[in-house]
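Structure record follows, encoded as C-alpha cells.
In the numbering used here, the protein residues as written are 5 to 95.
Pasting the structure below:
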C-alpha cells in the first residue's frame with residue numbers, strides 16, 4: 005500500500021469513527037476535516053496519528069499490519085492539560 009492510499013484510509017476511518025459516535029454534542033466531520041499529525045512506514049507496516057479540528061474530537065493512532073492486512077485503531081480523549089514550569093530544573 006502506498007502512502008497516499010494509507011492516508012486516504014486513515015482519513016476515512018477517523019471520520020467514520022467520529023461520526024458513528026452517539027454524542028449529540030459532537031458535530032459531523034468529513035474526510036477533508038481530518039489531518040494527519042505524523043505518519044511513518046517501517047518495512048510493510050505503517051502508523052499514523054490523526055485528529056480533526058473541533059471540541060471533543062478524539063486523537064487517533066492507526067497502525068497497519070502489512071503481514072496480516074489489518075488496521076488497528078486506538079482513540080484517545082484528552083484527560084488533562086497540565087503546565088509544568090521549568091521542567092529541567094525539577095529533575
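Backbone N, C-alpha and C define an ideal beta-carbon position, used for all residues, glycine too.
Length of the line joining the Cα atoms of residue i and residue j
i          : j          : result
residue 36 : residue 75 : 20 angstroms
residue 10 : residue 21 : 16 angstroms
residue 17 : residue 86 : 30 angstroms
residue 60 : residue 28 : 11 angstroms
residue 31 : residue 81 : 16 angstroms
residue 90 : residue 84 : 19 angstroms
Buried or exposed (CB count within 10 angstroms, at least 16 for buried), residue i
i          : result
residue 15 : buried
residue 33 : buried
residue 52 : buried
residue 24 : exposed
residue 92 : exposed
Beta-carbon proximity of residue i to residue j, cut-off 8 angstroms
i          : j          : result
residue 39 : residue 54 : yes
residue 48 : residue 71 : yes
Any chance you could list the beta strand (DSSP E) runs of at least 3 consecutive residues sitting entirely within the region 19-47, in chain order?
39-46
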